[in-house]
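Plus 108 on top of the position in the sequence shown (first one is 1) and you've got our numbering. Note that beta-carbon positions come from the ideal geometry of N, C-alpha and C, so glycine has one too.
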Amino acid sequence: MTVAASLAATALFAVAGCTSTGVDDADGRTALVTHEQEARVTVVGAATAPERAVEASRAMFASSPVAVVAPDGDQAGQAEAADEAARLGVPMLLAPAGTSTGSPSGGPSSGGPSSSGPSSGPSVLAAELDRLGVETVLAVGDVGAIDGAGVEIATTASSVDVPDAATPLDDVLAVVAGGDDVAATATARAAGAEVQALPDGVVDLQSSGEAIDALHASTTTDTVLIGSTFTAVRDPGWSVAAARSGAQLPGGGQRFFPDRRFVALYGAPGTGALGVLGEQDVAATVQRATDVAASYDAASDRPVVPMLEVIATVAAGAAGDDGDYSNELSVESIEPYVDAAAAAGQYVVIDLQPGRADFLSQAKRYESLLSRPNVGLALDPEWRLEADQVPLRQIGGVEASEVNAVSTWLADLVASKGLPPKMFVLHQFRLDMLRDRPSIDTSRPELATLIHADGQGSQPDKQATWRTLHDGAPAGVAWGWKNFYDEDTPMLSPEQTMADVSPTPDLVTYQ
109 MTVAASLAAT
119 ALFAVAGCTS
129 TGVDDADGRT
139 ALVTHEQEAR
149 VTVVGAATAP
159 ERAVEASRAM
169 FASSPVAVVA
179 PDGDQAGQAE
189 AADEAARLGV
199 PMLLAPAGTS
209 TGSPSGGPSS
219 GGPSSSGPSS
229 GPSVLAAELD
239 RLGVETVLAV
249 GDVGAIDGAG
259 VEIATTASSV
269 DVPDAATPLD
279 DVLAVVAGGD
289 DVAATATARA
299 AGAEVQALPD
309 GVVDLQSSGE
319 AIDALHASTT
329 TDTVLIGSTF
339 TAVRDPGWSV
349 AAARSGAQLP
359 GGGQRFFPDR
369 RFVALYGAPG
379 TGALGVLGEQ
389 DVAATVQRAT
399 DVAASYDAAS
409 DRPVVPMLEV
419 IATVAAGAAG
429 DDGDYSNELS
439 VESIEPYVDA
449 AAAAGQYVVI
459 DLQPGRADFL
469 SQAKRYESLL
479 SRPNVGLALD
489 PEWRLEADQV
499 PLRQIGGVEA
509 SEVNAVSTWL
519 ADLVASKGLP
529 PKMFVLHQFR
539 LDMLRDRPSI
549 DTSRPELATL
559 IHADGQGSQP
569 DKQATWRTLH
579 DGAPAGVAWG
589 WKNFYDEDTP
599 MLSPEQTMAD
609 VSPTPDLVTY
619 Q
């Protein structure tokens with residue numbers, strides 16, 4: 109038997125005014141009933157372990173005739189209580205530090221107010237016992253008096269009858285961050301949920317290949333995230349969906365930086381005039397990207413991932429039929445690069461040179477490619493021109509509001525499709541190319557924003573540009589550096605790029 113319940117993501121408890129909602133069986137006694145999950149993702153993330161234990165109980169049980177209670181901070185007692193909760197199939201709760209004291213044996217509690225709790229109304233623990241309709245509390249350790257609960261207190265497991273089993277929540281995966289949620293975890297196990305503990309120190313699903321593998325392998329449909337760190341996750345639903353997709357970057361996980369460095373070939377398919385990417389066929393391009401990236405292995409302090417930056421819309425000297433001075437490549441002409449790169453474990457970024465068009469309308473042309481897990485997006489403001497400008501006669505620029513419109517659309521696409529995060533590249537070699545740059549929104553977790561300094565020329569000039577661009581940049585952005593085979597004087601070697609460019613770039617592109 110299951111019942112539906114509306115579950116909030118956090119703060120699922122109340123400290124006053126609770127009435128019993130326990131489900132009675134045919135004899136008028138409380139039945140053991142689990143909650144059917146209405147939300148695909150539920151966060152159990154209150155500030156303290158006792159509060160999270162209550163949240164977990166509310167998320168997974170509609171009613172229970174028995175609950176196991178242990179003192180907060182008593183590790184041995186909690187371990188024993190967790191075993192008993194699993195044996196009985198009932199929720200485990202914690203008596204918070206400072207709970208009023210009294211004999212836990214023999215009969216119901218007095219119902220008086222806690223000496224350290226709220227001045228009126230039942231405690232959080234007592235309120236949850238009342239909501240569940242608990243008739244018997246198995247107290248493991250010194251839990252003090254349980255105020256206002258009106259329940260019998262048992263201190264030995266043998267004196268507690270095992271309730272009739274509830275319908276197991278075998279379609280629920282409980283993901284636990286940290287080791288201080290013994291009670292909430294025990295409740296999940298007692299409810300029949302699958303439990304996956306994150307590796308030590310991991311609080312971000314996207315950063316852990318092990319966690320992504322586990323979520324991807326799970327056949328469950330619903331997820332409960334247990335741990336206070338999960339309250340900082342901006343969009344838990346997307347985070348879980350992205351992890352369940354199973355897509356990972358080489359080396360594991362879905363986060364681009366700071367754990368990886370990317371080395372890319374830049375250009376347009378079918379022509380070497382715009383960069384080295386187009387100097388050979390697709391297979392040879394992917395192999396060349398592998399070889400160039402491998403040249404950084406010895407000098408890089410991070411794993412190096414090969415990448416292709418494919419110019420999808422090419423700024424043109426003629427207006428063209430649509431009058432936008434930009435030639436748009438077909439999706440079909442780019443797909444072979446995306447497919448080959450994916451097969452080789454490489455990332456792809458689609459680059460836009462919009463001419464008189466806007467970035468958002470051009471980005472939407474390639475939605476099908478951007479819906480692939482290994483494809484990101486780059487904006488090249490040098491080629492974003494006003495209505496009276498022409499490529500190569502002026503250097504373009506873009507307002508922060510237009511950049512934000514694109515990033516919002518792209519992040520929403522990622523979130524709606526449950527995709528892993530995407531790299532979002534902004535090319536810049538002059539400050540006026542990204543106007544009102546401090547207003548660029550870098551807050552969306554679905555995107556890893558990178559500013560790419562792609563000026564050419566002498567090394568002193570390039571280094572000066574690099575330093576200037578860093579000054580006042582939006583917080584949290586990654587950085588890219590471009591090496592030009594023909595235009596740099598001289599072009600840096602991989603060893604020089606790693607040693608002489610400071611801060612060391614997260615992305616190095618070759619053109």
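For residue i, the first and last residue of its enclosing beta strand (DSSP E)
{"i": "residue 369", "result": "369-375"}
{"i": "residue 458", "result": "455-460"}
{"i": "residue 200", "result": "200-203"}
{"i": "residue 387", "result": "Counting along the chain, residue 387 falls outside any beta strand (DSSP E), and DSSP gives it neither H nor E."}
{"i": "residue 615", "result": "615-618"}
{"i": "residue 179", "result": "174-179"}
Cα-Cα separation between residue i and residue j, rounded to whole angstroms
{"i": "residue 349", "j": "residue 444", "result": "27 angstroms"}
{"i": "residue 392", "j": "residue 332", "result": "46 angstroms"}
{"i": "residue 304", "j": "residue 495", "result": "56 angstroms"}
{"i": "residue 616", "j": "residue 386", "result": "18 angstroms"}
{"i": "residue 516", "j": "residue 232", "result": "40 angstroms"}
{"i": "residue 498", "j": "residue 314", "result": "42 angstroms"}
{"i": "residue 546", "j": "residue 510", "result": "13 angstroms"}
{"i": "residue 472", "j": "residue 420", "result": "12 angstroms"}
{"i": "residue 605", "j": "residue 541", "result": "24 angstroms"}
{"i": "residue 210", "j": "residue 155", "result": "Note on residue 210: pLDDT 37, under 50, position unreliable in the model; no value is reported."}
{"i": "residue 272", "j": "residue 139", "result": "8 angstroms"}
{"i": "residue 163", "j": "residue 151", "result": "9 angstroms"}
{"i": "residue 502", "j": "residue 320", "result": "47 angstroms"}
{"i": "residue 215", "j": "residue 173", "result": "Because the pLDDT of residue 215 is 38, which lies under 50, any placement of that residue in the model is unreliable, and the number read from its coordinates should be weighed accordingly. So the two alpha carbons sit approximately 15 angstroms from each other."}
{"i": "residue 395", "j": "residue 410", "result": "21 angstroms"}
{"i": "residue 553", "j": "residue 529", "result": "7 angstroms"}
{"i": "residue 223", "j": "residue 259", "result": "Since pLDDT at residue 223 reaches only 32, below the 50 mark, its modelled position is unreliable, and no value is offered."}
{"i": "residue 484", "j": "residue 280", "result": "32 angstroms"}
{"i": "residue 85", "j": "residue 383", "result": "Summary: the structure shown does not reach residue 85, with the chain confined to residues 109 through 619, and so no result is reported for it."}
{"i": "residue 609", "j": "residue 571", "result": "7 angstroms"}
{"i": "residue 574", "j": "residue 537", "result": "8 angstroms"}
{"i": "residue 230", "j": "residue 480", "result": "With a pLDDT of only 43 at residue 230, under the threshold of 50, the placement of this residue in the model should not be trusted; the figure read from the coordinates follows. Cα to Cα, residue 230 sits roughly 52 angstroms from residue 480."}
{"i": "residue 199", "j": "residue 176", "result": "6 angstroms"}
{"i": "residue 355", "j": "residue 147", "result": "24 angstroms"}
{"i": "residue 167", "j": "residue 282", "result": "11 angstroms"}
{"i": "residue 221", "j": "residue 253", "result": "Note on residue 221: pLDDT 31, under 50, position unreliable in the model; no value is reported."}
{"i": "residue 508", "j": "residue 469", "result": "16 angstroms"}
{"i": "residue 249", "j": "residue 187", "result": "11 angstroms"}
{"i": "residue 324", "j": "residue 585", "result": "29 angstroms"}
{"i": "residue 465", "j": "residue 456", "result": "23 angstroms"}
{"i": "residue 129", "j": "residue 243", "result": "Any answer about residue 129 is weak, because its pLDDT of 46 lies below 50 and its placement is not dependable; what the coordinates show is given next. Those two C-alpha atoms are separated by around 13 angstroms."}
{"i": "residue 504", "j": "residue 462", "result": "10 angstroms"}
Check whether residue i and residue j have beta carbons under 9 angstroms apart
{"i": "residue 561", "j": "residue 588", "result": "yes"}
{"i": "residue 171", "j": "residue 286", "result": "no"}
{"i": "residue 372", "j": "residue 417", "result": "yes"}
{"i": "residue 376", "j": "residue 422", "result": "yes"}
{"i": "residue 194", "j": "residue 298", "result": "yes"}
{"i": "residue 620", "j": "residue 534", "result": "Since the first residue of the chain shown is 109 and the last is 619, residue 620 is not available in this structure."}
{"i": "residue 157", "j": "residue 292", "result": "yes"}
{"i": "residue 565", "j": "residue 597", "result": "yes"}
{"i": "residue 296", "j": "residue 276", "result": "no"}
{"i": "residue 414", "j": "residue 370", "result": "yes"}
{"i": "residue 539", "j": "residue 487", "result": "no"}
{"i": "residue 459", "j": "residue 404", "result": "no"}
{"i": "residue 204", "j": "residue 180", "result": "yes"}
{"i": "residue 149", "j": "residue 367", "result": "no"}
{"i": "residue 341", "j": "residue 312", "result": "yes"}
{"i": "residue 555", "j": "residue 614", "result": "no"}
{"i": "residue 338", "j": "residue 185", "result": "no"}
{"i": "residue 192", "j": "residue 265", "result": "yes"}
{"i": "residue 189", "j": "residue 274", "result": "no"}
N-terminal and C-terminal residue of the alpha helix (DSSP H) that residue i is part of
{"i": "residue 193", "result": "183-196"}
{"i": "residue 566", "result": "Run containing residue 566: none; DSSP gives neither H nor E here."}
{"i": "residue 469", "result": "467-473"}
{"i": "residue 487", "result": "Residue 487 -> not in any alpha helix (DSSP H); beta strand (DSSP E) instead, spanning 483-487."}
{"i": "residue 168", "result": "157-168"}
{"i": "residue 381", "result": "Run containing residue 381: none; DSSP gives neither H nor E here."}
Supposed contact pair residue j and residue i - C-beta distance, whole angstroms, cut 8 angstroms
{"i": "residue 532", "j": "residue 518", "result": "6 angstroms"}
{"i": "residue 289", "j": "residue 335", "result": "6 angstroms"}
{"i": "residue 467", "j": "residue 412", "result": "The Cβ separation is near 29 angstroms, so there is no contact."}
{"i": "residue 202", "j": "residue 161", "result": "5 angstroms"}
{"i": "residue 380", "j": "residue 317", "result": "Not quite, the Cβ-Cβ distance comes to about 37 angstroms (not below 8 angstroms), so this is no contact."}
{"i": "residue 513", "j": "residue 346", "result": "No, residue 513 and residue 346 are not in contact; Cβ-Cβ is about 20 angstroms, not under 8 angstroms."}
Could you name each continuous alpha helix (DSSP H) segment of 4 residues or more that falls completely within the region 251-330, going from the start of the chain to the end? 290-298 and 317-325
Beta strand (DSSP E) runs contained entirely in the region 391-461, provided each spans 3 or more residues: 412-423, 434-436 and 455-460
Jot down the residue ranges of each uninterrupted alpha helix (DSSP H) in the region 579-612, minimum 4 residues, whole runs only, in chain order. 602-608
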